[in-house]
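Protein chains: 2
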Amino acid sequence: MSAFSRFTPLAASLPSTVPFVGPEAIERQRGRPVLARIGANESGFGPAPSVLTAMAEAAHGIWKYNDPENYDLKQALAVHLGIAAQNLAIGEGIDSLLGQIVRLVIDPGAAVVTSFGAYPTFNFHVAGHGGRLVTVPYAGDREDLDGLLEMVRREDAPLVYFANPDNPMGSWWDAESVIAFARALPETCLLVLDEAYGETAPFGAIPPLDAFINMPNVIRTRTFSKAYGLAGARVGYAISTPGTAQAFDKIRNHFGMNRMATAGAIAALKDKDYLAQVLAQISASRDRISTIVGQNGLVALPSATNFVAIDCGRDATYARAIVDRLMADHGIFIRMPGVAPLNRCIRISTGPESDMVLLEEALPAVLKALATL
Amino acid sequence: MSAFSRFTPLAASLPSTVPFVGPEAIERQRGRPVLARIGANESGFGPAPSVLTAMAEAAHGIWKYNDPENYDLKQALAVHLGIAAQNLAIGEGIDSLLGQIVRLVIDPGAAVVTSFGAYPTFNFHVAGHGGRLVTVPYAGDREDLDGLLEMVRREDAPLVYFANPDNPMGSWWDAESVIAFARALPETCLLVLDEAYGETAPFGAIPPLDAFINMPNVIRTRTFSKAYGLAGARVGYAISTPGTAQAFDKIRNHFGMNRMATAGAIAALKDKDYLAQVLAQISASRDRISTIVGQNGLVALPSATNFVAIDCGRDATYARAIVDRLMADHGIFIRMPGVAPLNRCIRISTGPESDMVLLEEALPAVLKALATL
Chain V
1 MSAFSRFTPL AASLPSTVPF VGPEAIERQR GRPVLARIGA NESGFGPAPS
51 VLTAMAEAAH GIWKYNDPEN YDLKQALAVH LGIAAQNLAI GEGIDSLLGQ
101 IVRLVIDPGA AVVTSFGAYP TFNFHVAGHG GRLVTVPYAG DREDLDGLLE
151 MVRREDAPLV YFANPDNPMG SWWDAESVIA FARALPETCL LVLDEAYGET
201 APFGAIPPLD AFINMPNVIR TRTFSKAYGL AGARVGYAIS TPGTAQAFDK
251 IRNHFGMNRM ATAGAIAALK DKDYLAQVLA QISASRDRIS TIVGQNGLVA
301 LPSATNFVAI DCGRDATYAR AIVDRLMADH GIFIRMPGVA PLNRCIRIST
351 GPESDMVLLE EALPAVLKAL ATL
Chain D
1 MSAFSRFTPL AASLPSTVPF VGPEAIERQR GRPVLARIGA NESGFGPAPS
51 VLTAMAEAAH GIWKYNDPEN YDLKQALAVH LGIAAQNLAI GEGIDSLLGQ
101 IVRLVIDPGA AVVTSFGAYP TFNFHVAGHG GRLVTVPYAG DREDLDGLLE
151 MVRREDAPLV YFANPDNPMG SWWDAESVIA FARALPETCL LVLDEAYGET
201 APFGAIPPLD AFINMPNVIR TRTFSKAYGL AGARVGYAIS TPGTAQAFDK
251 IRNHFGMNRM ATAGAIAALK DKDYLAQVLA QISASRDRIS TIVGQNGLVA
301 LPSATNFVAI DCGRDATYAR AIVDRLMADH GIFIRMPGVA PLNRCIRIST
351 GPESDMVLLE EALPAVLKAL ATL
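Those protein sequence lines, which keep their order, are chains V and D.
The first sequence runs contiguously to residue 373 in UniProt numbering.
The second sequence runs contiguously to residue 373 in UniProt numbering.
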């Protein structure tokens with residue numbers, strides 16, 4: 001497979017890889033359909049009907065490029081959040097924003113601090129820009145704020161990633177701890193505070209909007225992919241000071257947003273009743289998952305997200321076998337953390353009752369099959 | 001406006017800019033709506049009804065991330081083009097693919113060859129990765145293939161950009177000349193052959209698919225934004241050898257595609273009748289524009305695209321005044337080339353008859369108003 005001979009040394013050194021294998025690829029590999037799609041922390045509860053209506057209306061304007069300034073969406077978000085539009089940057093999902101942040105901050109060799117086992121796509125972007133990933137172990141299945149801070153100082157790192165609530169463990173810190181962590185960081189270190197799961201977090205976990213709004217070294221990232229049920233639309237946003245937010249304009253794909261997606265996101269912000277309804281469904285589904293796995297002798301960890309990490313009580317091989325058998329024998333797509341000690345767990349996304357029924361039926365069969373091996 | 005203090009030196013040196021001001025921003029600035037949107041080379045003829053249907057059906061799955069392997073779209077494109085899926089990379093419009101190509105090839109200071117006045121978004125990406133832009137003047141309102149080749153050799157440039165048909169002039173080369181140019185390039189220079197307007201080109205202008213399919217240093221870029229009428233959807237693709245195509249996997253935003261957009265693109269490929277109908281409309285609209293401007297003493301240049309460059313016979317100030325007055329006085333949004341000598345021209349996109357009627361009414365009034373100044 002001949003490739004162009006003169007890619008940059010960095011590009012040539014990178015693997016052609018995907019941070020996550022998609023469920024569609026698993027379907028193709030295994031030759032069987034996914035019956036319960038509860039592995040990618042999508043929202044099977046879907047977007048609001050009002051969002052579908054707004055996207056359908058916007059479809060007739062799909063021949064037009066989206067406004068590169070994302071003016072309407074920024075205005076809607078500003079009102080929704082009670083901040084200024086200048087505090088916002090819009091991107092094609094948080095993944096895209098993370099790539100831009102890494103590119104803005106990291107020259108080859110620069111240290112980037114994250115937790116060992118945290119978001120692989122962030123790590124993908126760090127590798128892609130030649131950053132040197134420095135990891136801190138989770139402590140008690142939570143990201144270790146003191147450890148992250150110490151590592152930033154030791155490495156004089158210009159960038160640190162911290163998700164609250166956390167993925168893949170579903171754990172969280174209270175707002176006071178997050179604020180103390182951010183304020184303790186040197187001003188020369190940019191904090192990416194990933195709040196992809198902010199909507200599903202318990203009261204008191206998410207710092208108020210004004211906590212960091214004057215701190216140029218804090219960027220909070222949020223998304224319409226989780227609670228709003230729009231993962232396939234690709235709308236994320238970043239909150240920071242105007243100066244830091246404007247830095248995205250230096251490098252972003254200005255005409256990169258999908259026009260229907262933007263209309264859908266604006267509609268989603270307006271439909272607060274639907275969001276409340278989905279949050280209740282997510283909460284109930286977390287309880288349902290906990291009950292199901294508890295009945296099978298597994299331990300659901302507390303969750304502030306739209307998924308539940310489940311301690312299977314043994315090693316990664318066992319957890320991996322559960323993940324594999326659920327798909328191979330029952331068409332149930334779930335995922336699991338990638339590294340020890342987190343990978344004693346499996347991770348199941350919340351979803352509609354039809355998915356929970358399939359899980360309830362399949363899990364005991366899988367565990368029984370594994371017990372006889 | 002305080003910003004984070006430790007962006008990379010390159011990032012800190014970049015302006016926060018947009019390659020093109022969108023018509024929505026012009027509407028906000030001027031406080032009046034665009035009545036004829038014929039400036040961004042979008043397709044006012046819109047996508048096929050079958051595409052709208054496919055996107056509407058896909059909307060109900062919008063809670064799911066799109067397949068990161070873009071398997072179905074690649075298969076559909078492979079069949080459509082008569083090549084292998086491995087020859088393809090998918091991206092959020094050609095703009096996104098261009099950014100990735102520059103990133104894969106350009107280290108700071110590396111020379112990048114393009115034509116003086118060619119696609120600004122490509123130049124934006126080159127600047128964003130610290131490349132050194134080296135430009136070759138247009139010759140006879142066409143990109144100068146001999147000049148580009150000579151400059152590549154002189155600079156030992158690893159990257160050259162060439163659009164066929166060309167934007168902003170609408171000119172083109174015959175396939176034989178393009179093939180000869182590509183084959184004459186050193187293997188250490190990657191050719192981006194931008195065929196965004198390939199569908200609207202005359203017979204004999206577009207090299208056959210097998211012309212470069214074994215050349216690792218050629219990437220052809222194509223889009224659903226122009227003839228297919230899906231600019232707001234953000235679907236582009238690159239055609240190259242499997243090895244070069246796979247390089248995109250090293251750095252792309254794997255989950256960056258919109259799920260409805262992907263479904264729409266697949267449907268668009270199937271609806272060949274609609275494409276033929278739109279191509280006829282575009283051709284007729286080009287003639288209509290030529291007639292309108294000719295009646296007003298301006299000269300339409302030959303066009304292989306969905307727009308017409310029009311020589312206004314005077315300088316850039318005059319052309320700019322026409323662009324400004326058409327919008328300010330009549331709500332007609334058009335654009336113009338950015339540099340001399342191309343900027344003696346204005347650029348009008350093809351569009352439905354209702355837009356042409358507005359143009360037909362407005363242009364003489366604008367020229368008359370300018371004559372009395």
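No residue lacks a Cβ here, since even glycine has one placed at the ideal position from N, Cα and C.
Count Cβ pairs between the region 51 to 68 of chain V and the region 245 to 261 of chain V that sit closer than 8 Å; are there 3 or more? yes
Can a CB atom of chain V be found closer than 7 Å to the CB of Gly256 (chain D)? Within the second sequence, residue 256 (chain D) is the residue found at index 256, counting from 1. Judged by the 7 Å Cβ criterion, Gly256 (chain D) is in contact with chain V.
Take Glu199 (chain V) as the anchor and find which of V:Ala118, V:Leu148, V:Asn306, V:Cys312 has the nearest alpha-carbon. Stepping through the first sequence from its first residue, residue 199 (chain V) is reached at position 199. Looking at the Cα atoms, V:Asn306 is the closest of the given residues.
Between Ser16 (chain V) and chain D, is there a C-beta pair that is closer than 7 Å? For the purposes of this step, residue 16 (chain V) is taken as residue 16 along the first sequence, with counting starting at 1. Answer yes: the Cβ-Cβ gap between Ser16 (chain V) and chain D drops below 7 Å somewhere.
Counting pairs of beta carbons, one from the region 214 to 225 of chain D and one from the region 235 to 249 of chain D, are three or more of them closer than 8 Å? yes
Tell me whether the beta-carbon of Ala362 (chain D) lies closer than 7 Å to the beta-carbon of Ile332 (chain D). Along the second sequence, read from residue 1 onward, the residue named residue 362 (chain D) stands at position 362. Along the second sequence, read from residue 1 onward, the residue named residue 332 (chain D) stands at position 332. Yes, the Cβ-Cβ distance between Ala362 (chain D) and Ile332 (chain D) is below 7 Å.
Would you say Leu342 (chain D) and Gly117 (chain D) are within 7 Å of each other, going by their C-beta atoms? Here the question's residue 342 (chain D) lines up with position 342 in the second sequence. Here the question's residue 117 (chain D) lines up with position 117 in the second sequence. Closer than 7 Å, so yes.
Can you list, in chain order, the residues of its chain with a C-beta nearer than 7 Å to that of Gly338 (chain D)? Leave out the 5 residues immediately preceding and following it. Taking the second sequence and counting its residues from 1, one reaches residue 338 (chain D) at position 338. Same-chain partners within the cutoff: Gly117, Pro120.
Could one say the Cβ of Gly243 (chain D) lies closer than 7 Å to chain V's Cβ atoms, at least one of them? The count along the second sequence starts at 1 and reaches residue 243 (chain D) at position 243. Cβ-Cβ to chain V under 7 Å: yes for Gly243 (chain D).
List, in chain order, every chain D residue whose beta-carbon is nearer than 8 Å to that of Lys250 (chain V). Here residue 250 (chain V) corresponds to residue number 250 of the first sequence, with the count starting at 1. Result: Ala11, Leu14, Pro15, Ser16, Thr17, Gly128.
Counting only Cβ pairs nearer than 7 Å, list the residues of chain D close to Lys64 (chain V). As a working mapping, residue 64 (chain V) is identified with position 64 in the first sequence. Within chain D, the residues near Lys64 (chain V) are Arg37, Glu42, Ala231, Gly232.
Do you know offhand how far Ala36 (chain V)'s Cα is from Ala84 (chain V)'s? Here residue 36 (chain V) refers to the residue found at position 36 when the first sequence is read from its first residue. Here residue 84 (chain V) refers to the residue found at position 84 when the first sequence is read from its first residue. Cα-Cα distance, rounded: 40 Å.
Could you please give the first and the last residue of the uninterrupted beta strand (DSSP E) stretch that includes Ile310 (chain D)? Here residue 310 (chain D) is taken as the residue at index 310 of the second sequence, counted from 1. 307 to 311 is the extent of the beta strand (DSSP E) around Ile310 (chain D).
Excluding sequence positions up to five away, which residues of its chain have a Cβ less than 7 Å from the Cβ of Pro202 (chain D)? Counting from 1 along the second sequence, the entry for residue 202 (chain D) is found at position 202. Once the five neighbours on either side are set aside, the close Cβ partners of Pro202 (chain D) are Ala304.
List the residues of chain V that Ala48 (chain D) touches, going by C-beta distances under 7 Å, in chain order. Counted from its first residue, the second sequence places residue 48 (chain D) at position 48. Ordered by position in chain V, no residue passes the 7 Å Cβ test against Ala48 (chain D), which lies about 11 Å from the chain.
C-alpha distance - Ala245 (chain D) paired with Ala265 (chain D), whole-angstrom precision: In the second sequence, residue 245 (chain D) corresponds to position 245, counting from 1. In the second sequence, residue 265 (chain D) corresponds to position 265, counting from 1. About 19 Å.
Quick one: what does DSSP say Arg252 (chain D) is sitting in, helix, strand or coil? By 1-based counting over the second sequence, the position of residue 252 (chain D) is 252. Coil at Arg252 (chain D), not helix or strand.
Could you tell me whether the region 56 to 63 of chain D touches the region 33 to 50 of chain V, using the rule of 3 or more Cβ pairs below 8 Å? yes
Would residue 416 (chain D) pass as a contact of Glu143 (chain D) if the rule is Cβ separation under 7 Å? This structure cannot settle anything about residue 416 (chain D), because the visible part of chain D is limited to 1 through 373.
Quick check: what's the CA-CA separation for Leu191 (chain V) versus Ser96 (chain D)? The sequence position of residue 191 (chain V) within the first sequence is 191, counting from 1. The sequence position of residue 96 (chain D) within the second sequence is 96, counting from 1. So the two alpha carbons sit approximately 26 Å from each other.
List the whole-angstrom C-beta distance separating Val134 (chain D) from Val112 (chain D), where the pair is believed to meet the contact cut-off of C-beta under 8 Å. Counting from one through the second sequence, the residue named residue 134 (chain D) turns up at place 134. Counting from one through the second sequence, the residue named residue 112 (chain D) turns up at place 112. Yes, Val134 (chain D) and Val112 (chain D) are in contact; Cβ-Cβ is about 7 Å, under 8 Å.
Have a look at Glu360 (chain V) and His330 (chain V) and give me their C-alpha separation to the nearest angstrom. Taking the first sequence and counting its residues from 1, the one referred to as residue 360 (chain V) is at position 360. Taking the first sequence and counting its residues from 1, the one referred to as residue 330 (chain V) is at position 330. Taking the straight line from one Cα to the other gives about 11 Å.
Which chain A residues are close to Tyr71 (chain V), counting only those with a beta carbon under 8 Å from its beta carbon? The structure shown contains no chain A; its protein chains are V and D.
Within 8 Å, do at least three Cβ pairs link the region 342 to 351 of chain D to the region 160 to 175 of chain D? yes
Sequence-distant residues of its chain with Cβ nearer than 7 Å to Val357 (chain V) (five each side left out): Counting from one through the first sequence, the residue named residue 357 (chain V) turns up at place 357. Within the same chain, Val357 (chain V) has no close Cβ partners at all.
Let me know the secondary structure DSSP gives Arg154 (chain D) once reduced to three states. Position 154 of the second sequence, counting from 1, holds the residue named residue 154 (chain D). Arg154 (chain D) falls in the helix class under three-state DSSP.
Return the chain-ordered list of same chain residues with a C-beta closer than 8 Å to the C-beta of Pro9 (chain V), the five sequence neighbours on each side being excluded. In the first sequence, the residue the question calls residue 9 (chain V) occupies position 9. So the list is empty, once near-sequence residues are dropped.
In three-state terms, what does DSSP make of Tyr237 (chain V)? As a working mapping, residue 237 (chain V) is identified with position 237 in the first sequence. It is a strand residue.
Neighbouring residues, chain V, relative to Asn253 (chain D) (Cβ below 8 Å): Numbered from its first residue, the second sequence carries residue 253 (chain D) at position 253. Simply Glu92, Gly93, Asp95, Ser96, Gly99.
Take the Cβ of Glu57 (chain D) as the centre, count every other Cβ of all protein chains shown within 10 Å, and call the residue buried at 16 or more, exposed below. Walking along the second sequence from the start, residue 57 (chain D) turns up at place 57. So Glu57 (chain D) ends up on the exposed side.
Expressed to the nearest angstrom, what Euclidean distance is found between the alpha-carbon atoms of Ile106 (chain V) and Val160 (chain V)? Here residue 106 (chain V) refers to the residue found at position 106 when the first sequence is read from its first residue. Here residue 160 (chain V) refers to the residue found at position 160 when the first sequence is read from its first residue. The straight-line gap from Cα to Cα measures roughly 11 Å.
Can you pull the chain V residues whose beta carbon is under 7 Å from the beta carbon of Phe7 (chain D), in chain order? Locating residue 7 (chain D) in the second sequence gives position 7, where the first residue counts as 1. In chain order: Leu104, Val105, Ala247.
Give the residues from the region 178 to 190 of chain V that approach chain D closer than 9 Å (Cβ to any Cβ), ordered along the chain. Glu187, Thr188, Cys189, Leu190
Determine the chain V residues that contact Arg286 (chain D) at a beta-carbon separation under 8 Å, and present them in chain order. If you number the second sequence from 1, residue 286 (chain D) lands on position 286. The premise fails here: Arg286 (chain D) is roughly 17 Å from chain V at the closest Cβ pair, so nothing lies under 8 Å.
Nearest-angstrom Cα distance between Leu98 (chain D) and Phe162 (chain D)? On the second sequence, residue 98 (chain D) is found 98 positions in, with the first residue counted as 1. On the second sequence, residue 162 (chain D) is found 162 positions in, with the first residue counted as 1. Cα-Cα distance, rounded: 12 Å.
Supposed contact pair Ala227 (chain V) and Leu279 (chain V) - C-beta distance, whole angstroms, cut 8 Å: For the purposes of this step, residue 279 (chain V) is taken as residue 279 along the first sequence, with counting starting at 1. For the purposes of this step, residue 227 (chain V) is taken as residue 227 along the first sequence, with counting starting at 1. Yes, Leu279 (chain V) and Ala227 (chain V) are in contact; Cβ-Cβ is about 6 Å, under 8 Å.
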